[in-house]
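The working numbering puts the first residue of the sequence shown at 186, with every later residue one more than the last.
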Amino acid sequence: MKKFAVVAAMATALLGSTAVHAADVEVIHWWTSGGEQAAVSVFAREFDALGEDKWVDTAIAGGENARAATLQRILGGDAPGAAQFNPGRQYEELISGGMLLDLTPLAEKEGWADFIRPASISEACLVDGHWWCVPVNIHSWNWAWASMPAFEKAGVELPTSFDDFLTKAPKLKEAGVIPFAIGGESWQINGAFGVIQTAMLGLADREKILKDKDLELAKSKMADVFTKFREFKQFSDEGSANRNWNDTTNLVVTDQAAMQIMGDWARGEFGVAGEVAGTDYACLALPVEHPTVSTGGDIFLFPKQSDPAVEEAQLKMASMMVNPQVQALFNNAKGSMPIRDDVDMSLADDCMKKGLEIIKDPANIAVDAGRWLSNDTTGQMNDLVAQFWADDSMTVDAAVEQYVNILQTAE
Ligand code: GAL
186 MKKFAVVAAM ATALLGSTAV HAADVEVIHW WTSGGEQAAV SVFAREFDAL
236 GEDKWVDTAI AGGENARAAT LQRILGGDAP GAAQFNPGRQ YEELISGGML
286 LDLTPLAEKE GWADFIRPAS ISEACLVDGH WWCVPVNIHS WNWAWASMPA
336 FEKAGVELPT SFDDFLTKAP KLKEAGVIPF AIGGESWQIN GAFGVIQTAM
386 LGLADREKIL KDKDLELAKS KMADVFTKFR EFKQFSDEGS ANRNWNDTTN
436 LVVTDQAAMQ IMGDWARGEF GVAGEVAGTD YACLALPVEH PTVSTGGDIF
486 LFPKQSDPAV EEAQLKMASM MVNPQVQALF NNAKGSMPIR DDVDMSLADD
536 CMKKGLEIIK DPANIAVDAG RWLSNDTTGQ MNDLVAQFWA DDSMTVDAAV
586 EQYVNILQTA E
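Here it is, written out as structure tokens:
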């Protein structure tokens with residue numbers, strides 16, 4: 186029996202079917218790259234295999250665009266059946282506004298609290314005793330993706346730290362390779378900045394600044410981070426402005442660039458390109474000296490619907506997304522880690538295995554900043570760091586002053 190047929194049999198048996206008619210569930214997401222499409226196709230195929238209900242795909246490029254469209258649709262009374270968000274505060278108004286299907290009965294029936302790990306992943310959806318969304322993966326920002334042929338071409342070894350990379354970067358440049366690949370979108374720039382911040386401050390001071398808003402600590406520590414971040418700019422390329430993340434990853438895939446700091450969704454791009462971890466590319470868990478994983482990722486929420494058939498289909502979709510077989514197929518395509526550890530990981534490549542090893546120790550887990558910062562605050566930080574990256578005339582002191590002010594006014 187094919188894998189997804191097994192899922193179909195299980196899910197139908199589990200949930201039964203009392204629907205009066207088949208239902209279409211419109212799903213809004215922002216997975217438009219090669220790897221992302223390969224992954225979301227697993228969900229769509231698995232859902233359609235459950236029976237008559239159908240996954241209606243609405244892909245909107247760019248997380249900020251997709252989330253804005255979703256919120257507009259829901260608040261405008263034209264809600265989709267399901268929508269992707271990042272775990273954290275992005276959908277807090279939808280929870281407080283009572284606009285979401287309560288998944289608690291399903292979650293309790295299936296025991297989500299028992300198998301979804303680590304706890305910080307469940308906490309993104311289990312709010313005040315109710316399950317308002319379903320976590321589908323764990324994505325960590327704390328990775329660098331390196332082209333092994335590019336480093337070989339320059340005659341240098343893979344970097345053992347950020348400073349080591351900066352020391353080797355001139356040799357990469359001389360060899361005709363773009364040393365540091367980065368795309369000019371603000372979330373990409375602030376994402377890479379955050380990884381360097383984690384490496385330089387450590388998890389404890391990072392939490393004091395981002396979660397506890399310790400302004401004095403920010404004033405004393407963030408100047409070094411901005412200074413170090415600017416050292417990377419000389420090794421990026423002119424084409425980075427407005428380049429999307431996956432076209433930037435493709436520079437590493439095709440050995441035109443040496444290294445990109447990017448979340449492990451990048452792994453999906455190497456996967457669809459048929460590249461092999463450890464041979465064609467290296468995944469460097471960051472900081473190299475003491476690898477961590479951040480608990481980012483994706484959740485799906487299900488806006489309340491008036492049609493009982495759609496609601497039943499929504500529940501089937503949520504159940505399908507946490508099914509072990511689906512988790513293995515989806516996460517291997519996506520480049521993320523599954524939300525449960527009872528998943529057949531024989532398909533996992535060396536990078537996922539590396540991430541799964543790191544996440545076992547709670548001391549290695551960097552809570553994603555999106556748990557602590559509102560959408561608005563995140564947007565302000567994205568804009569500040571992107572401006573600092575683009576504008577060489579902006580001083581470190583001015584950047585730190587604005588950074589501290591954003592923290593001070595954060596809700
Ligand atoms: C992240 C999301 C990932 C990935 C990335 C780039 O926010 O969690 O699934 O797709 O955006 O689009």
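All residues carry an ideal CB built from backbone N, CA and C; glycine is no exception. From a predicted model like this one, the values you see are computed outputs, not experimental measurements.
For residue j and residue i, believed in contact at Cβ under 8 Å, the rounded distance
i, j, result
"Ile381", "Leu436", "Not a contact, Cβ separation roughly 20 Å."
"Met444", "Phe350", "7 Å"
"Ala554", "Leu395", "5 Å"
"Cys536", "Ala462", "5 Å"
"Val507", "Val319", "6 Å"
"Val241", "Glu211", "4 Å"
"Thr289", "His324", "Their Cβ separation, rounded to whole angstroms, is 25 Å, which puts Thr289 and His324 out of contact at 8 Å."
"Leu291", "Leu500", "5 Å"
"Ala470", "Ile550", "About 13 Å; that fails the 8 Å criterion."
"Gly520", "Trp450", "5 Å"
"His206", "Ala494", "5 Å"
From the options, residue whose alpha carbon lies closest to that of residue i
i, options, result
"Lys545", "Trp557, Met522 and Lys353", "Met522"
"Val511", "Ala208, Ala246 and Ala234", "Ala234"
"Ile306", "Ile524, Thr562 and Glu586", "Ile524"
"Val438", "His214, Glu211, Trp215 and Gly220", "Gly220"
"Asp568", "Arg252, Leu279, Glu278 and Phe378", "Phe378"
"Met447", "Val457, Asp576, Tyr588 and Trp430", "Trp430"
"Asp409", "Val581, Ala251 and Gly482", "Val581"
"Glu460", "Met537, Ser332, Leu469 and Phe487", "Ser332"
"Phe515", "Glu211, Ala208 and Glu231", "Glu231"
"Gln274", "Asp577, Ser559 and Asp576", "Sequence inspection shows Arg at residue 274; the Gln mentioned does not correspond to that position. It is Ser559."
"Gln419", "Gln257, Lys398, Ile543 and Phe365", "Phe365"
"Ala442", "Trp372, His214, Ala467 and Gly453", "Ala467"
"Gln126", "Glu454, Asp577, Lys404 and Phe487", "With the chain represented from 186 up to 596, any question about residue 126 goes unanswered, as that position is not in the structure."
"Ser421", "Gly266, Ala246, Gly368 and Gly283", "Gly368"
"Ala426", "Leu471, Ser371 and Val473", "Ser371"
"Ala513", "Leu256, Glu416 and Ala533", "Ala533"
"Ala244", "Ala304, Glu359, Ala223 and Gly376", "Ala223"
"Ala149", "Pro547, Ser578, Val552 and Val478", "Nothing can be reported for residue 149, as the shown portion of the chain is limited to 186 through 596."
"Pro476", "Met505, Pro547, Ala494 and Thr562", "Pro547"
"Thr594", "Phe228, Met566 and Ser578", "Met566"
"Gly482", "Glu454, Trp326 and Asp390", "Trp326"
"Asp526", "Thr217, Ala304, Ile484 and Glu337", "Ala304"
"Glu497", "Asn271, Gly236, Gly340 and Glu308", "Gly236"
Any non-hydrogen atom of the ligand GAL within 8 Å of residue i CB
i, result
"Trp151", "Limits of the chain in this structure are 186 at one end and 596 at the other, which puts residue 151 out of reach."
"Lys398", "no"
"Glu454", "no"
"Gly482", "yes"
"Gly448", "yes"
"Ser218", "yes"
"Gly368", "no"
"Gly248", "yes"
"Asn375", "no"
"Asn322", "yes"
"Ser521", "yes"
"Asn271", "yes"
"Lys401", "Residue 401 is actually Glu in this sequence, not Lys. Not so, every heavy atom of the ligand GAL lies at least 8 Å from the Cβ."
"Glu211", "no"
"Trp316", "no"
"Glu221", "yes"
"Trp430", "yes"
"Trp215", "yes"
Beta-ladder partner(s) of residue i, from DSSP
i, result
"Val212", "Asp242 and Ala267"
"Val478", "Ile550"
"Tyr466", "Ser332 and Ala462"
"Met522", "Ile323"
"Val570", "None; Val570 has no bridge partner."
"His315", "Val312"
"Ala442", "Ile363"
"Leu286", "Note: Leu286 sits in no beta bridge, so no partner."
Ranges of the beta strand (DSSP E) found wholly within the segment 481-519, counting only runs of at least 3: 481-486
Uninterrupted alpha helix (DSSP H) stretches inside the segment 339-418 (no shorter than 4 residues): 347-359, 371-395 and 400-418
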